[in-house]
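Asks:
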Amino acid sequence: MKLLHKFWLLLFLLNGIIINAQSCFNYDNFNVESIGPNALTVTTSTINVTDDLIIEDVRVNVSATHSWIGDMSIRLRSPLGSEIILHNELCEDFGDYGSPTYDDSATASPTDCILPYAGSLIPFQPLTFFDSENSFGDWELVIIDNADGDGGSLLSWTLTLCGEASTLNLNNFDLKENLIVVKEQKNIFNIILSNSVNYQFESCIIKVFDFAGRKIHQDIMNQRNDKNQFIYRLEAEFFSPGVYFVNIVANRTNTITPSGQSSILKLIVE
0 MKLLHKFWLL LFLLNGIIIN AQSCFNYDNF NVESIGPNAL TVTTSTINVT DDLIIEDVRV
60 NVSATHSWIG DMSIRLRSPL GSEIILHNEL CEDFGDYGSP TYDDSATASP TDCILPYAGS
120 LIPFQPLTFF DSENSFGDWE LVIIDNADGD GGSLLSWTLT LCGEASTLNL NNFDLKENLI
180 VVKEQKNIFN IILSNSVNYQ FESCIIKVFD FAGRKIHQDI MNQRNDKNQF IYRLEAEFFS
240 PGVYFVNIVA NRTNTITPSG QSSILKLIVE
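Sequential numbering from 0 applies to the sequence shown in numbering that gives the first Met the number 0.
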C-alpha cells in the first residue's frame with residue numbers, strides 16, 4: 000500500500016512538472032510564393048496558430064531564393080500586429096538567400112554575408128519583442144522587394160513558438176473592476192472592458208471554459224465601441240445549459256500595465 004501511495008505521489012509530481020514546463024511547437028507553411036520582381040512588391044504568407052501559449056521564445060526558419068538579396072526586407076508580424084525585421088536589405092547580390100533560422104541565441108551575423116544563409120542567424124531586430132504575447136491567431140511573414148529587376152521565391156517557412164500553456168487562473172482578478180457584462184438577449188452577451196488610464200491594452204484574448212475547466216471558445220478581443228471600450232459579442236446559443244467562466248487576458252500593453260493581467264467572470268447559459 001505504501002508503495003502504491005509513493006507511485007501516485009511520484010506520478011502527481013511528474014504531472015505537475017510536465018504541466019508547468021515550457022513547451023515548443025513548430026508550425027509550417029509550404030506554399031511557394033513569388034517575391035518581386037517589381038519594386039515595392041509585398042509578399043505575405045500566413046500561419047494560423049490555434050495553440051494557446053504565453054510566449055517565451057520565438058524562432059523562424061525562412062527558405063527562399065532571390066537573385067539580389069539586398070533588395071529584400073523580411074518581417075514577422077504577430078496576431079496582435081507587433082512586427083520585427085528579420086532581414087533588412089543586406090549583402091547586395093553576393094549570393095542566393097538560402098534557409099536560415101533566425102534565433103536570438105544565435106552567434107552568426109547575417110552582415111557577414113556568408114551565402115547562401117544556413118544554420119542559426121541573429122535577426123535584425125530581437126524576437127524577444129514578442130515575449131508575453133499570446134500565440135493564438137494569424138502570424139504573417141512579410142517580404143518586401145524594394146527594387147525592380149530581380150526577384151525570387153519564398154519556398155517555405157517554419158515558426159517555432161515556446162511558452163507555457165495559458166490556463167484558467169482563478170486567483171487573478173486585476174481587471175475585474177473595469178469589466179461589464181450586458182445581456183443582449185437570451186444566451187447572447189456583450190462583454191465590455193474599459194481602457195482606463197491604469198489599464199491600457201492593444202488587445203485582449205477572450206476564453207470561455209466550462210464548469211469542468213475545459214476551454215470551449217477562444218478569440219481575440221480588439222473591437223471598440225464609441226466610448227473607446229473593448230467590446231465582444233459572445234453568442235452562446237449553442238452552448239449546453241450551465242455555468243461557464245469567461246477569462247479576459249490583456250495582451251501586449253504599454254509600460255503601465257504588464258501583459259497577462261486578467262479577469263474572470265461567471266456566466267449562466269440557459
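Glycine is no exception: its CB is placed at the ideal position from the N, C-alpha and C atoms.
None of these values were measured; they are calculated from a predicted model.
1. So is the beta-carbon of I204 under 7 Å away from any non-hydrogen atom of the ligand NAD?
2. What separation, rounded to the nearest whole angstrom, lies between the Cα atoms of E82 and N145?
3. Pull up the distance between the alpha-carbon of N87 and that of S72, whole angstroms please.
4. In three-state terms, what does DSSP make of I113?
5. Which ranges would you report for the beta strand (DSSP E) in the stretch 189-238 if only whole runs of at least 3 residues count?
6. Judging by CA-CA distance, which residue of Q184, F188, G69 and S239 is the nearest neighbour of H210?
7. Can you give me the start and stop residues for the beta strand (DSSP E) that W138 sits inside?
8. Output needed for D27: all residues of its chain with C-beta closer than 7 Å, excluding positions within five of it in sequence on either side, in chain order.
9. Give me the Cα-Cα distance between G118 and D95, rounded to the nearest whole angstrom.
10. Please list, in chain order, all residues of the same chain as I46 whose beta carbon is under 6 Å from its beta carbon, the five residues on each side excluded.
11. Quick check on this structure: which residue in D51, R74 and E32 has the alpha carbon closest to the alpha carbon of Q124?
12. Mapping the DSSP letters down to three states, classify L75 as helix, strand or coil.
13. Can you tell me whether L264 is helix, strand or coil according to DSSP?
14. Identify whether I54 lies in helix, strand or coil by the three-state DSSP scheme.
15. Should I204 and I219 be called a contact, given that it needs their Cβ atoms to be closer than 8 Å?
16. Assuming C161 and S22 form a contact by the criterion Cβ under 8 Å, report the distance between their Cβ atoms to the nearest whole angstrom.
17. Could you tell me whether the stretch 127-137 touches the stretch 46-63, using the rule of 3 or more Cβ pairs below 8 Å?
18. For F135, which option in S262, I187, V248 and K265 has the closest C-alpha, if you only look at C-alpha atoms?
19. In the DSSP assignment, what are the bridge partners of T49?
20. Using the rule of at least 16 other Cβ atoms within 10 Å of the residue's Cβ for burial, across every protein chain shown, is S108 buried or exposed?
21. What residue does the beta strand (DSSP E) around I121 start on, and which one ends it?
22. When the Cα atoms are used, what is the spatial distance from F24 to T49?
23. Have a look at F241 and Q184 and give me their C-alpha separation to the nearest angstrom.
24. Going by other Cβ atoms of all chains shown within 10 Å of its Cβ, with 16 needed for buried, is D70 buried or exposed?
Replies: Reading it off the structure:
1. No copy of the ligand NAD appears in this structure; indeed no ligand is present at all.
2. 18 Å
3. 4 Å
4. coil
5. 203-209, 214-220 and 229-234
6. Reading off the sequence shown, one finds Phe at residue 210, where the question assumed His. Checked all of Q184, F188, G69 and S239; the closest Cα to F210 is S239.
7. G136 to D144
8. S155 and T157
9. 15 Å
10. Y26, N28, W138 and L158
11. R74
12. strand
13. strand
14. strand
15. yes
16. 7 Å
17. yes
18. V248
19. DSSP lists no partner for T49.
20. exposed
21. Taken as a continuous stretch (DSSP letters only), I121 belongs to no beta strand (DSSP E), as it is neither H nor E.
22. 11 Å
23. First, the residue type needs correcting, since residue 241 is Gly and not Phe in the sequence shown. Roughly 16 Å separates the two Cα atoms.
24. buried
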